[in-house]
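K.L.:
Chains as they are written, first to last, in the numbering used here: chain A, 931 to 1149; chain B, 15 to 122.
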């Protein structure tokens, strides 16, 4: 069973379409409403998703771990991490799952740099993301073609081993660190990302770095 | 005695009363209460006899007693900020655990 885990925060306008698109591609969908104050839960449920609700906003990392726990309890063999704002293309999932199964990988990570479909803002393509890749490498020892891309396919084995403790956006780096530490096999797959908003900028990147460092001090 | 000394002593006395109150209500441990009591008494001593910090400055290799106090106070403030940041993050994570558990329990 393949489950799509979709963390969502105040996405009432887009979540319905994202859920329906995932259904059309044959996936069961779990939406984790991370304390939204709009009608995200209602829209997601109306579109057919199983909805888990965080009473208060805890961050994307926390929502993903809730989704992972639920997927494990439901007996999922494969989980897809998919954004709620409609920026990913559900058609990218099937080739990524095939890659996971054919090469017996534990995790497949989406990359915007393996083809030319993603129209990245100039500053992101040539400054922010290359710096992000380098920082990720220095922190985790994992060298990727992309940084902080939320598109992931995880096997059940990976789900059992990866535990996200970073509530915010630093979970992306934390997952890479756990891949390395647990010796999980992974590869990248080309994905298309549509930009409706700018997303993480320099300030966001710095915030992620601080979250990561504070997180290290707690363990 | 200068007005600033009097003012500082009053503030430290208020801090001490607060420490005793918290210890009495068992809001802080005996060890923590002891630590803060020593800290505020020491701060009061430095305010009353500022020239005695000369020995501390000499031991630390700093020119003036007042400088030594400022350096130590800054280091202490940074340390406390660091401790507070860690503590707040721990509390945040505990809140997350509760929120996540509740959402999963609702689906059982």
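Beta carbons: idealized from backbone N, C-alpha and C, even for Gly.
Let me know if residue 1141 (chain A) comes out buried or exposed under the rule of 16 or more other beta-carbons within 10 Å of its beta-carbon.
P.N.:
Flag for residue 1141 (chain A) reads buried.
K.L.:
Which whole-angstrom value describes the C-beta separation of residue 83 (chain B) and residue 54 (chain B), a residue pair presumed to lie in contact below a C-beta threshold of 8 angstroms?
P.N.:
At roughly 14 angstroms, the Cβ-Cβ gap does not stay under 8 angstroms, so residue 83 (chain B) and residue 54 (chain B) are not in contact.
K.L.:
Residue 908 (chain A) lies in the beta strand (DSSP E); which residues open and close that run?
P.N.:
Nothing about residue 908 (chain A) can be reported from this structure: the residues present for chain A run from 931 to 1149 only.
K.L.:
Could you pull out every residue in the same chain whose Cβ sits closer than 7 angstroms to the Cβ of residue 1070 (chain A), ignoring the five residues on either side in sequence?
P.N.:
So the list reads 1103, 1106, 1107 and 1110, once near-sequence residues are dropped.
K.L.:
Would you give the residue range spanned by the beta strand (DSSP E) that residue 76 (chain B) belongs to?
P.N.:
From DSSP, residue 76 (chain B) is part of no beta strand (DSSP E); its letter is neither H nor E.
K.L.:
In angstroms with no decimal places, state the Cα-to-Cα distance between residue 16 (chain B) and residue 27 (chain B).
P.N.:
Cα-Cα distance, rounded: 17 angstroms.
K.L.:
Quick one: using the 10 Å Cβ neighbour count with 16 as the cut-off for buried, is residue 983 (chain A) buried or exposed?
P.N.:
When all chains shown are included, residue 983 (chain A) counts as buried.
K.L.:
Considering only C-alpha positions, which residue in the set A:999, A:1060 and A:1043 is nearest to residue 121 (chain B)?
P.N.:
Selected option, being the one with the closest Cα: A:999.
K.L.:
Give the secondary structure of residue 1065 (chain A) by DSSP, where H, G and I count as helix, E and B as strand, and everything else as coil.
P.N.:
If DSSP states are grouped into helix, strand and coil, residue 1065 (chain A) belongs with the helices.
K.L.:
Please report the Cβ distance between residue 1007 (chain A) and residue 970 (chain A), rounded to the nearest whole angstrom; I am assuming they are in contact, meaning their Cβ atoms lie under 8 angstroms.
P.N.:
Residue 1007 (chain A) to residue 970 (chain A), Cβ: 27 angstroms. No contact.
K.L.:
For a contact meaning CB atoms closer than 7 angstroms, what does residue 985 (chain A) contact in chain B?
P.N.:
113 and 116, listed in chain order.
K.L.:
Determine the chain A residues that contact residue 201 (chain B) at a beta-carbon separation under 8 angstroms, and present them in chain order.
P.N.:
Outside the displayed range of chain B (15 to 122) lies residue 201 (chain B), so it cannot be described from this structure.
K.L.:
Can you tell me whether residue 1090 (chain A) is buried or exposed, with buried defined as 16 or more other CB within 10 angstroms of its CB?
P.N.:
It counts as exposed.
K.L.:
Spell out a yes or no on whether the segment 1043-1061 of chain A and the segment 978-997 of chain A are touching, meaning 3 or more CB-CB pairs, one atom from each, closer than 8 angstroms.
P.N.:
Taking 8 angstroms as the limit for Cβ pairs, the verdict is that the segment 978-997 of chain A does not touch the segment 1043-1061 of chain A.
K.L.:
Leaving out the 5 sequence neighbours to the left and right, which residues in its chain are closer than 6 angstroms to residue 977 (chain A) when beta-carbon positions are compared?
P.N.:
Cβ within range, chain order: 946, 949 and 950.
K.L.:
Check whether the segment 987-997 of chain A touches the segment 1057-1072 of chain A, counting contact only when three or more Cβ pairs, one atom from each stretch, lie closer than 8 angstroms.
P.N.:
No: the two stretches stay apart, fewer than three of their Cβ pairs being nearer than 8 angstroms.
K.L.:
Across which residues does DSSP place residue 960 (chain A) in a beta bridge pair?
P.N.:
In DSSP, residue 960 (chain A) forms a bridge with A:935 and A:980.
K.L.:
Show which residues of chain B have a CB atom less than 8 angstroms away from the CB atom of residue 982 (chain A).
P.N.:
Here the neighbours are 117, 118, 120 and 121.
K.L.:
With DSSP run on the structure shown, which of helix, strand or coil describes residue 955 (chain A)?
P.N.:
Here residue 955 (chain A) sits in coil by DSSP.
K.L.:
Please tell me whether residue 46 (chain B) has its Cβ less than 7 angstroms away from any Cβ of chain A.
P.N.:
No, its Cβ sits nowhere closer than 7 angstroms to a Cβ of chain A.
K.L.:
Determine, using beta carbons only, whether residue 988 (chain A) comes closer than 7 angstroms to chain B.
P.N.:
Yes, residue 988 (chain A) lies at the interface with chain B (some Cβ there is under 7 angstroms from its Cβ).
K.L.:
Our contact map puts residue 1118 (chain A) next to residue 1074 (chain A) with C-beta atoms below 8 angstroms; I'd like the distance itself, whole angstroms only.
P.N.:
Contact flag correct, Cβ pair sits at about 6 angstroms.
K.L.:
In chain order, what residues of the same chain lie with their CB nearer than 6 angstroms to the CB of residue 1124 (chain A), ignoring the 5 residues before and after it?
P.N.:
If we look at residue 1124 (chain A) and ignore the five residues flanking it on each side, its Cβ neighbours are 1017.
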